[in-house]
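Numbering (UniProt numbering), first residue to last: 1 to 239.
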């Protein structure tokens, strides 16, 4: 009988490998026919040890990250006024953020027109970021929270560049549920050899130099989250 090890949720970065360990209180294998939504493939872990500790390993690229002055990791969460973005932040706080880590809340806005460039920023954005910052400090007292606001047309490229500039070890984004039509169009573009039609989230997953995780809440009835990375697509994590 194999030995089982119980470890607390943690994130650790080595010199050549970045690791994120996500703990889930329960992860059960279900019939795939009950949980595949919109023709999407849902992945499940197959044994108890994997169910206890879901470890994603990726090769770290670029210079070694020393964790900053506080000795912890730096996690960037893309902030929007959507349920998906709020759910992604909630997931990051409950599954990956430790007290010694730093959270970077990134908001990307469309570029303003020249005639309105001198106007003040949208107060709703400041209110949103303030609310998200308070959420971080309430759920993880003592954690450092940074706020970054940028503008640009190519949202995916801007997010990737911001993550690189802030030297984050993990990038978290909220992911919306895609319709069947959207998926069919994406497949059609891929077959014709066109550019990646996966949108902002897929662009970040494929191009960011750090680990990137897309998070979407499962239905209220089933609970948990669907997690997508370079190695896992729609991995169902019960939490």
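Ideal Cβ placement from N, Cα and C applies to all residues, glycine included.
Given the structure is predicted, the values throughout are model-derived calculations rather than measurements.
query, result
"With respect to 7 Å, is the separation between the Cβ of residue 162 and the closest non-hydrogen atom of the ligand GTP below this value?", "Absence of the ligand GTP from the depicted structure is noted, as is the absence of any ligand whatsoever, leaving it without description."
"Quick one: what does DSSP say residue 109 is sitting in, helix, strand or coil?", "strand"
"Three-state secondary structure (DSSP) at residue 196?", "Confidence at residue 196 is low in this model, with a pLDDT of 49, below 50, so its placement is unreliable and the value that follows should be read with caution. Here residue 196 sits in coil by DSSP."
"Measuring CA to CA, which of 111, 143, 105 and 141 is closest to residue 127?", "105"
"Would you say residue 85 and residue 199 are within 8 Å of each other, going by their C-beta atoms?", "no"
"Take residue 91 and list the residues in its own chain whose beta-carbon comes closer than 6 Å to its own, dropping the five residues that flank it on each side.", "215 and 225"
"In or out: residue 138 buried (at least 16 other Cβ within 10 Å) or exposed?", "exposed"
"Taking the alpha helix (DSSP H) that residue 137 falls in, what are its first and last residues?", "123-139"
"Exposed or buried, which one is residue 96 when buried takes at least 16 other CB atoms within 10 Å?", "buried"
"Helix, strand or coil: which one does DSSP assign to residue 241?", "One cannot answer for residue 241 here, as it falls past the ends of the chain, which runs 1 to 239."
"Using 8 Å for Cβ pairs, my map puts residue 169 next to residue 132. What's the rounded Cβ distance?", "Incorrect: roughly 20 Å between the Cβ atoms, too far for contact."
"Since residue 92 is in the beta strand (DSSP E), which residue starts that stretch and which ends it?", "Not the beta strand (DSSP E): residue 92 falls in the alpha helix (DSSP H), residues 83-95."
"Give every residue of the same chain whose Cβ lies closer than 6 Å to the Cβ of residue 30, excluding the five residues on either side of it in the sequence, and list them in chain order.", "Residue placement at residue 30 is flagged as unreliable, the pLDDT there being 38, under the threshold of 50; a coordinate-derived value is accordingly withheld."
"Any idea if residue 83 is buried or exposed, counting beta-carbon neighbours within 10 angstroms, 16 or more meaning buried?", "exposed"
"Taking 8 Å as the threshold (C-beta atoms), are residue 145 and residue 213 in contact?", "no"
"Grab me the residues of residue 164's own chain with a C-beta within less than 7 Å of its C-beta, minus the 5 sequence neighbours each way, in chain order.", "209"
"What does the Cβ neighbour count give for residue 99, buried or exposed, with the cut at 16 atoms within 10 Å?", "exposed"
"In chain order, what residues of the same chain have a beta carbon less than 7 Å from the beta carbon of residue 217, not counting five sequence neighbours either side?", "87 and 225"
"What number of angstroms, rounded off, separates the C-alpha of residue 148 from the C-alpha of residue 112?", "17 Å"
"Excluding sequence positions up to five away, which residues of its chain have a Cβ less than 7 Å from the Cβ of residue 140?", "93, 97 and 99"
"Where do the N-terminal and C-terminal ends of the beta strand (DSSP E) with residue 148 fall, by residue?", "144-151"
"If residue 207 and residue 160 are in contact, beta carbons under 8 Å, what's the gap, nearest whole angstrom?", "5 Å"
"So, are the CB atoms of residue 89 and residue 108 less than 8 Å apart?", "no"
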